[in-house]
Structures are given as C-alpha cells and as structure tokens.
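So the sequences go chain by chain: A and B.
Under this note's numbering, the residue at position 25 of the first sequence is numbered 25, and the numbers go up by one with no gaps.
Under this note's numbering, the residue at position 132 of the second sequence is numbered 132, and the numbers go up by one with no gaps.
For each residue, glycine too, the CB sits at the ideal point set by N, CA and C.
2 protein chains.
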Amino acid sequence: MNTKSHTSTPAYQQLKDHVLQMIEAEHWRGGDMIPPEEQLAKEFGLSRMTVNRAMRELVTERVLMRIRGSGTFVADTRYQSTLIEVRSIADEIKSRGDTYSSKLLLLQRTDDIAMIQTLGLPPDGPAYHSRIVHFENDVPIQLEDRHVNGLVFPGYINQSFENETPNEYMTGIAPAQGVEYWVTARQAPAFVRQALKMAIGEPCLVLHRRTRVRGTVATDVVLWHPASRYQLSGKF
Amino acid sequence: MNTKSHTSTPAYQQLKDHVLQMIEAEHWRGGDMIPPEEQLAKEFGLSRMTVNRAMRELVTERVLMRIRGSGTFVADTRYQSTLIEVRSIADEIKSRGDTYSSKLLLLQRTDDIAMIQTLGLPPDGPAYHSRIVHFENDVPIQLEDRHVNGLVFPGYINQSFENETPNEYMTGIAPAQGVEYWVTARQAPAFVRQALKMAIGEPCLVLHRRTRVRGTVATDVVLWHPASRYQLSGKF
DNA sequence: CAGTGGTCTAGACCACTGT
DNA sequence: CAGTGGTCTAGACCACTGC
Chain A
1 MNTKSHTSTP
11 AYQQLKDHVL
21 QMIEAEHWRG
31 GDMIPPEEQL
41 AKEFGLSRMT
51 VNRAMRELVT
61 ERVLMRIRGS
71 GTFVADTRYQ
81 STLIEVRSIA
91 DEIKSRGDTY
101 SSKLLLLQRT
111 DDIAMIQTLG
121 LPPDGPAYHS
131 RIVHFENDVP
141 IQLEDRHVNG
151 LVFPGYINQS
161 FENETPNEYM
171 TGIAPAQGVE
181 YWVTARQAPA
191 FVRQALKMAI
201 GEPCLVLHRR
211 TRVRGTVATD
221 VVLWHPASRY
231 QLSGKF
Chain B
1 MNTKSHTSTP
11 AYQQLKDHVL
21 QMIEAEHWRG
31 GDMIPPEEQL
41 AKEFGLSRMT
51 VNRAMRELVT
61 ERVLMRIRGS
71 GTFVADTRYQ
81 STLIEVRSIA
91 DEIKSRGDTY
101 SSKLLLLQRT
111 DDIAMIQTLG
121 LPPDGPAYHS
131 RIVHFENDVP
141 IQLEDRHVNG
151 LVFPGYINQS
161 FENETPNEYM
171 TGIAPAQGVE
181 YWVTARQAPA
191 FVRQALKMAI
201 GEPCLVLHRR
211 TRVRGTVATD
221 VVLWHPASRY
231 QLSGKF
C-alpha cells in the first residue's frame, strides 16, 4: 500500500534521478526505448501517476521523448542550440590576447526570499550574493550579479576571487549538470550603469543563467554587458 | 463523477489557458494571489490533482509562483520565449497557443555589393533581399531582414510567404549545414522602430545569423526584436 | 487485438504558513 | 489552529500504434 518515502526526496524525483543515471551510465542510449510506465510502477512500487509525472517532466527537460501508443525513448543527442559557453570570461579575454582584471564589489549572505526559493533552500538556508566587474584592458565589460546556493558551495563566502573567477571556483567544486539561460536586451539600471561606466540610454545585453547540480539550482547569475562592448556569438 | 471533457483540449490545459487569460486581461496582476487549488477544483469541476498539474506547469513556465502554506501568486516578471534554435518563429508562436501572422514589407533582387560578397556570389550573381514582420497576436515581435543566395534558392524571389515563412521555405529546399550567429543589443534604427512600433529609446535584442549550405553562405538574416517583447532562452 | 501513453478522479497524508 | 500546497494512490477510460 502506502510506502511513502519519507526520505524527503519525492518518489518522482528519485525515479527521474534513476533514469538520468541509467542514461549517464549508458545503459540506456539515445533512441533506446525505456520500460513502460506500468513496469516502472511495479519495479519501484509506485502508482502509474507518479511514474507518469516523472516521465512527463523528463520530456519537458528534453531527456526523453514519448510516442503515444508506442513507448518512451531516450532523446537523441544533446545539442546544439547554443554554446553560450560555460567558459570563463577570464579565459575568453585572455584568449584574445587582452589583459583581464576584476573587482569585487560585494560578497555577502543574503536573505532575499525569492532568490532563496529559486535556489531551493529553506527560508534561512544559506544563500550568498556577489557582484564582480570584469575588465578587458581595464575597460569594464561585464557586471556579474550572482546568487549562490550555500549548501552546494559552502565555502563561497570566504573566497577572494582574486586569482579565480566565481565561475572557475564553482566548476572546480561541482561541475554544472544542467544550464538554463535567457538572453535579453535591457536599459541599464543605475547600479549597472555606474559599475560599467556606461552612457545613459545605452542598452545592455543581459545573459541570465541558472545552473543545476544534482537537480537543484546551484547558482543564478545575471551578466550585464554594455551593448557597445560585447556580443555573444557561436556556431553549430 | 466523470465529466470528461471530450472537447479534445485537456482540462488542465483549459485551466492553464484560463489563468493566462485572467493575467492577460489584468484581472490578476503580478504579485496577486490566485484562488487556492481546492476552490479552482470546485469552480471548474475538476479534481485537485488536475488543478495541481495546471498550476505546476505554469510555475515551470514562470507564469506563477507558489509558496507552500501560503498560496499561489502571479509571477512579477515578464515574458517567456525561445531559443536560438533553427526553429521557425511561426511554430514557436503557435506552440505558445498564440496567433501567428506576418507582413511582407519588401522582396526584391539586390545589388548590395558587400552582401553579394558575403554570399560568395559573382558581382552580378543573384542575391535577394526580403523584410518581413512577424506578429504574435497582432503584436509585432520580430523584424526579419534577410539576404538570400539566389544560386542556392533560385525560387526565393517568387514566394509570397503567406503560408510559409522564409525559414520554412528554405529548410524545405536545402537544410542548413552550418550556422553562425551573433547576439547583440542595439538601439533600434528608424526602419526597425517603425516596423515594430517601438518606443523611442527602447533597446532591441538582435540576432544575426548566417547559414551555410555546401560551404557557401546560403542566407544572412538579421532578426530584430523589441527588448520588452522578446527574449531568447534555452537549456543544455 | 494487446500494448502504450494521456488524462482524470476522489480520496489521503504530510509539511509548511500565518494567525 | 485552519488554510494552503506537495505528494501519492489505485483505480478508470480513452486514443493511438503496430501487429
């Protein structure tokens, strides 16, 4: 009957993790059919609805694809779309032969509730907030406004970021397992305009990115760039 | 009982649509609490699980936010959208359940030398130029400024683009084999501002893309979007 | 036809919020 | 404490696929 998993992670999430592991371990590969809902339900002692939720979510996350009447399949190759690179801005600048430098404007614990929720933390659960300006040949080129999940990166608050960008620090501790991003154009709010020494009215190219580690949001970062000094580019 | 809606659109989707309409009509505004699941279930004659599914999906789509123990609220923020995929804007709009339309502003042969060179054509070699505005629910959302290699797409100049976007037409003839793109933020030049009915000073999110077929540039397109109405997004 | 996913119900227990 | 969302069940009927 009711074998509720009081392990705090819900059953559908555990099933999702299991599927991801099977794919990760290449027991299931792109195009493979995976067991039908009913079978998974039996194996895991769940109702079909719970299995169905796990499957549906993995479809929205483009891990699986389903065809009604035939089955559920591991989605084909990981894309593409954009390599809005997980690459560090420092590397990017240095690879152009320019000089990279940075300035830490702010690094503190935050109690911003909305952000704490985004990070999937309890209301008091440690969340950190940092702001750093990145310079190319002493010209400010990016303002990094970052929030960090303190459970994933407990040492974040003690970093100086003199020899390492947050991006590099975090990649070393827990590599990203999933990234969502949005790109927008915005007029610069005052704190951005000042930090980047921008002209009034100059638009910003804004890259907002959320990175997941083991299913939870590990960091949420908003990267502000003066339109005149930065563009994204890519190829596929 | 079982009052299944055989209206082909599932109940949870109808409820989602209803919520979106309430927000659209500004009956519910950013930050407002919306009725609890149980009440919605009664009003719509649905089980709570079905209501819950609709709400959960709207949360993933960032339309709503929920706080356990307190309620469900309209998300403050703005609009969703897309990815830098080769996907057609028409599909993208339709998949959001919105109405797509377009208007052809210009379609002619061009003798723009720089562009002819970019397309790898001889100085007289056929190059075409088109401009189309794409609308979502009659709101202009993208100005497509496109140049086309006439050797790759000889029939381009004779299209009406009434039932097919240039993108769809070209994909049918010769699928892209390579794509380069740049994303920038720009203040809108006059012709863009007029075509998209933008406010003066509003920035544009500009996506510039070159597509290659058999090594040569088949098409060069600049997509202008009002910053307030469009953002790119994606995941990997 | 059997197998599969798509949707839905009518309950249930739990965790958390706010008073 | 009552109100709210988070999760789960054990069925059910349907639509579609492929044999």
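*Residue ranges of each alpha helix (DSSP H) within the stretch 104–136 of chain A, 4 or longer*: 113–118
*Hey, how far is the Cα of Arg-212 (chain A) from the Cα of Ala-218 (chain A)?*
On the first sequence, residue 212 (chain A) is found 212 positions in, with the first residue counted as 1. On the first sequence, residue 218 (chain A) is found 218 positions in, with the first residue counted as 1. The straight-line gap from Cα to Cα measures roughly 5 Å.
_Under DSSP, the alpha helix (DSSP H) around Ala-54 (chain B) begins and ends at which residues?_
Counting from 1 along the second sequence, the entry for residue 54 (chain B) is found at position 54. First-last of the alpha helix (DSSP H) with Ala-54 (chain B): 48–60.
*Going straight from the alpha carbon of Ser-81 (chain B) to that of Asp-111 (chain A), what length do you get?*
In the second sequence, residue 81 (chain B) corresponds to position 81, counting from 1. In the first sequence, residue 111 (chain A) corresponds to position 111, counting from 1. The predicted model places Ser-81 (chain B) with a pLDDT of 33, which falls under 50 and marks its position as unreliable, so this point remains unresolved.
*Around the C-beta of Lys-16 (chain B), are 16 or more other C-beta atoms found within 10 angstroms, so that it is buried, or is it exposed?*
Residue mapping note: residue 16 (chain B) aligns to position 16 of the second sequence, counting from 1. Buried, because 16 or more other Cβ atoms sit within 10 Å of the Cβ of Lys-16 (chain B).
*Could you check the C-alpha separation between Lys-197 (chain B) and Thr-9 (chain A) for me, to the nearest Å?*
In the second sequence, residue 197 (chain B) corresponds to position 197, counting from 1. In the first sequence, residue 9 (chain A) corresponds to position 9, counting from 1. Answer to the nearest angstrom: the Cα atoms are 49 Å apart.
*Give a yes or no on whether the minimum CB-CB distance between Glu-85 (chain A) and chain B is below 8 Å.*
By one-based count along the first sequence, residue 85 (chain A) stands at place 85. Only weak support is given to the placement of Glu-85 (chain A): the predicted model assigns it a pLDDT of 45, under 50, and the question is left unresolved by the model.
*Would you kindly report the start and end of the unbroken beta strand (DSSP E) that includes Arg-146 (chain B)?*
For this step, residue 146 (chain B) is matched to residue 146 along the second sequence. Unbroken beta strand (DSSP E) run through Arg-146 (chain B): 139–149.
*Which term fits Arg-109 (chain A), buried or exposed, when burial requires 16 or more other beta carbons within 10 angstroms of its beta carbon?*
Taking the first residue of the first sequence as 1, we reach residue 109 (chain A) at position 109. Burial call: exposed.
_Those runs of the beta strand (DSSP E) which lie wholly inside the stretch 186–220 of chain A and span at least 3 residues_ = 203–213
_Start and end residues, alpha helix (DSSP H) containing Gly-172 (chain A)_ = Within the first sequence, numbered from 1, the residue matching residue 172 (chain A) stands at position 172. That run of the alpha helix (DSSP H) goes 166–173.
*asked:* Does the stretch 114–131 of chain B come into contact with the stretch 60–76 of chain B, if we say contact requires no fewer than three beta-carbon pairs (one atom in each stretch) closer than 8 Å?
replied: no
*asked:* Please state whether the Cβ-Cβ distance between His-237 (chain B) and Val-222 (chain B) is less than 8 Å.
replied: Shown here, chain B extends from 1 to 236; a query on residue 237 (chain B) therefore has no answer.
*Assign Glu-180 (chain B) to one of three DSSP states: helix, strand, or coil.*
For the purposes of this step, residue 180 (chain B) is identified with residue 180 of the second sequence, where counting begins at 1. Glu-180 (chain B) falls in the strand class under three-state DSSP.
*Residue from A:Ala-190, A:Ala-188 and A:Met-115 with nearest C-alpha to Asp-220 (chain A)*: Taking the first residue of the first sequence as 1, we reach residue 220 (chain A) at position 220. It is A:Met-115 whose Cα lies nearest to the Cα of Asp-220 (chain A).
*asked:* Using C-beta distances below 6 Å, list every residue in its chain close to Asp-145 (chain B), excluding the 5 sequence neighbours before and after it, in chain order.
replied: By 1-based counting over the second sequence, the position of residue 145 (chain B) is 145. So the list reads Arg-131 and Val-222, once near-sequence residues are dropped.
*Check the Cβ of Ala-185 (chain B) against every Cβ in chain A and list those closer than 7 Å, keeping chain order.*
Against the second sequence, residue 185 (chain B) aligns to sequence position 185. Ordered by position in chain A, the residues that pass the 7 Å Cβ test against Ala-185 (chain B) are Ala-185, Pro-203, Cys-204, Leu-205 and Ala-227.
*asked:* Am I right that Val-183 (chain B) and Val-183 (chain A) are in contact with their C-beta atoms under 8 Å? What's the rounded C-beta distance?
replied: Position 183 of the second sequence, counting from 1, holds the residue named residue 183 (chain B). Position 183 of the first sequence, counting from 1, holds the residue named residue 183 (chain A). At roughly 6 Å, the Cβ-Cβ gap stays under 8 Å, so Val-183 (chain B) and Val-183 (chain A) are in contact.
*May I ask you to list the residues that DSSP assigns as paired with Thr-72 (chain A)?*
Working through the first sequence from its first residue, we reach residue 72 (chain A) at position 72. Answer by DSSP bridge pairing, in chain order: A:Ile-34 and A:Arg-66.
*Inspect the beta-carbon positions of Met-55 (chain A) and Glu-26 (chain A) and report whether they are closer than 8 Å.*
Taking the first residue of the first sequence as 1, we reach residue 55 (chain A) at position 55. Taking the first residue of the first sequence as 1, we reach residue 26 (chain A) at position 26. No, these two residues do not count as a Cβ contact at 8 Å.
*Neighbouring residues, chain B, relative to Thr-60 (chain A) (Cβ below 8 Å)*: Here the question's residue 60 (chain A) lines up with position 60 in the first sequence. The contacting residues are Thr-60.
*Out of curiosity, what's the CA-to-CA distance linking Ala-127 (chain A) and Leu-106 (chain B)?*
Counting from 1 along the first sequence, the entry for residue 127 (chain A) is found at position 127. Counting from 1 along the second sequence, the entry for residue 106 (chain B) is found at position 106. Near 52 Å, if we compare the C-alpha coordinates of Leu-106 (chain B) and Ala-127 (chain A).
*Cross-strand partners of Ser-228 (chain B) (DSSP beta bridge)*: In the second sequence, counting from the first residue as 1, residue 228 (chain B) sits at position 228. Answer is none; Ser-228 (chain B) lacks a bridge partner.
_Could you compute how far the alpha carbon of Gln-14 (chain A) sits from the alpha carbon of Leu-143 (chain B)?_
Along the first sequence, one-based indexing puts residue 14 (chain A) at 14. Along the second sequence, one-based indexing puts residue 143 (chain B) at 143. Going by the C-alpha atoms only, they are around 45 Å apart.
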